[in-house]
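Visitor:
Numbering (our numbering), first residue to last: 14 to 315.
1. Where DSSP assigns a beta bridge to residue 305, which residues make up the other side?
2. Thinking residue 44 and residue 211 are a contact (beta carbons under 8 Å), I'd like their distance in whole angstroms, please.
3. Where does residue 153 fall in DSSP's three states?
4. According to DSSP, simplified to helix, strand and coil, what is residue 126?
5. Starting from the C-beta of residue 312, find all residues in its chain whose C-beta is less than 6 Å away, skip the five residues before and the five after it, and write them out in chain order.
6. Looking only at its own chain, which residues have a Cβ that is under 6 Å from the Cβ of residue 170, when we skip the five neighbours before and after it?
7. Considering only their Cβ atoms, is the gap separating residue 27 from residue 247 smaller than 7 Å?
8. Report buried or exposed for residue 191, applying the criterion of at least 16 other Cβ atoms within 10 angstroms of its Cβ.
9. Excluding the 5 residues preceding and the 5 following residue 46 in the sequence, name in chain order all residues of the same chain whose CB lies nearer than 8 Å to its CB.
10. Cutting at 8 Å between CB atoms, please list the residues of its own chain near residue 258, excluding the five before and the five after it.
11. Note down, in chain order, each residue of its chain lying with its Cβ closer than 7 Å to the Cβ of residue 144, except the 5 sequence neighbours on either side.
12. Checking the sheet assignment: what are the DSSP bridge partners for residue 145?
13. Rounded to whole angstroms, what's the CA-CA distance from residue 36 to residue 25? Just pull it up for me.
14. Find the nearest neighbour of residue 218 within the set 76, 53, 31, 84, judged by alpha-carbon distance.
15. Using the three-state DSSP reduction, which class does residue 61 fall into: helix, strand or coil?
16. Looking only at its chain, what residues have a beta carbon closer than 7 Å to the beta carbon of residue 300, apart from the 5 residues adjacent to it on each side?
17. Taking 7 Å as the threshold (C-beta atoms), are residue 114 and residue 136 in contact?
18. With C-beta atoms as the reference, is residue 182 less than 7 Å away from residue 75?
19. Please state whether the Cβ-Cβ distance between residue 90 and residue 168 is less than 7 Å.
20. Would you say residue 291 and residue 33 are within 7 Å of each other, going by their C-beta atoms?
21. Kindly indicate which residue of 295, 235, 189, 134 has the alpha-carbon position closest to the one of residue 307.
22. Which same chain residues end up closer than 8 Å to residue 98 when comparing Cβ atoms and leaving out the 5 residues on each side of it in sequence?
23. Check residue 185 in the structure and name its three-state DSSP category.
24. Please go through the same chain and pick out, in chain order, the residues whose beta-carbon is closer than 6 Å to the beta-carbon of residue 278, but skip the five residues on each side of it.
25. Could you work out which residue in 107, 164, 254, 185 is closest to residue 139 when comparing CA atoms only?
26. Using the Cα positions of residue 251 and residue 185, report the straight-line distance between them to the nearest angstrom.
27. Buried or exposed, going by whether 16 or more other CB atoms sit within 10 Å of the CB of residue 40?
28. Run through DSSP, which three-state label would residue 30 get?
29. Per DSSP, what kind of secondary structure is residue 165 in: helix, strand or coil?
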């Protein structure tokens with residue numbers, strides 16, 4: 014529940030920060046701060062501000078994961094916040110387990126079971142209920158901008174593919190660590206992996222910002238304390254507190270139960286988005302979010 018609440022706060026603050034700072038400026042700050050905290054953690058644990066045991070192969074896979082997950086995925090996610098709002102953006106993030114399963118099937122040879130296919134169908138049904146409606150002629154119509162829907166799908170795709178690439182990189186990272194110290198550093202390897210992914214995200218967002226001529230926007234953002242505050246809240250509640258709570262949840266309960274509770278963000282975000290942004294809540298929205306979350310839970314419980 015702590016993970017679901019922290020990701021809800023991260024989504025809402027990210028929407029606020031993106032509207033004030035812009036998607037690229039927001040993510041340059043976000044990746045930079047996340048990288049700083051990751052480096053501090055690496056220094057405290059390993060005595061070095063970077064993952065000392067990671068090989069070139071590990072760096073390659075995790076950098077690729079960062080490009081796909083952080084750059085492409087978060088670029089789509091933050092743009093979906095601007096076009097359809099954070100609550101619908103988080104709803105489309107329930108597609109991530111589906112894209113993860115499909116990517117693992119293609120890349121790792123993992124089979125698609127009947128339960129996985131059922132979970133996909135239920136998740137897609139929930140999203141369809143939320144975004145489809147009837148027009149004046151009683152025909153089925155899409156209630157959201159097509160651009161926003163594509164951004165939402167892209168966000169789920171980037172998250173899902175990036176997760177599989179992260180798993181490959183983390184497996185290589187684990188193999189790089191000497192067996193004599195593995196027991197001491199094993200729990201911190203995901204944070205080292207995430208640091209490498211943050212490097213890729215920061216470099217890509219910074220380069221793209223420069224190419225787009227956004228250096229002046231970056232300088233101007235220093236004086237926007239509200240935007241920077243929203244960015245800091247997003248960093249702490251997402252990569253920092255959210256990741257920490259998720260590791261604790263997996264430590265104290267079954268992975269299926271933990272993953273189901275973590276997936277409640279599309280439901281928890283409904284009321285705060287109504288209070289903050291005045292977005293109306295309909296029975297169809299609530300029903301769609303609940304069905305999508307049930308679909309996500311089926312990936313882990315069946």
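From the three backbone atoms N, C-alpha and C, an ideal C-beta is built for every residue, glycine too. Only a predicted model underlies this, so the values are computations on that prediction, with no experimental measurement involved.
Guide: Quick look at the numbers:
1. According to DSSP, which records beta bridges pairwise, residue 305 is partnered with nothing at all.
2. So it is a contact: roughly 5 Å between Cβ atoms.
3. DSSP places residue 153 in strand when its eight states are reduced to three.
4. Coil, per DSSP.
5. For residue 312, the CB contacts under 6 Å within the same chain, skipping 5 residues up- and downstream, are 110, 132 in chain order.
6. 112, listed in sequence order.
7. Their beta carbons are under 7 Å apart, which means residue 247 touches residue 27 by this criterion.
8. Exposed: under 16 other Cβ atoms inside 10 Å.
9. Same-chain partners within the cutoff: 244, 245, 248.
10. In its chain, beyond the 5 residues on either side, 15, 16, 19 have a beta carbon closer than 8 Å to the beta carbon of residue 258.
11. Leaving aside the five residues that flank residue 144 on each side, the residues in its chain whose CB is nearer than 7 Å to its CB run, in chain order, 155, 156, 157, 162.
12. Per DSSP, 155.
13. Their Cα atoms are separated by approximately 14 Å.
14. Taking only the C-alpha atoms, the option nearest residue 218 is 84.
15. Three-state DSSP puts residue 61 in coil, outside helix and strand.
16. Counting only Cβ-Cβ distances below 7 Å, and skipping sequence neighbours, we find 142.
17. Judged by their CB atoms, residue 136 and residue 114 are not nearer to each other than the 7 Å cut-off.
18. Cβ atoms of residue 182 and residue 75: closer than 7 Å.
19. Their beta carbons are under 7 Å apart, which means residue 90 touches residue 168 by this criterion.
20. Against a cut-off of 7 Å, the Cβ pair of residue 33 and residue 291 comes out as no contact.
21. It is 134 whose Cα lies nearest to the Cα of residue 307.
22. 28, 286, 290, 292.
23. In the structure shown, residue 185 sits in a helix (DSSP, three-state: H, G or I).
24. Contacts found: 17, 20, 21, 103.
25. Looking at the Cα atoms, 107 is the closest of the given residues.
26. When only Cα atoms are considered, residue 251 and residue 185 end up about 25 Å apart.
27. Label assigned to residue 40: buried.
28. The answer is helix: DSSP assigns residue 30 an H, G or I state.
29. It is helical.
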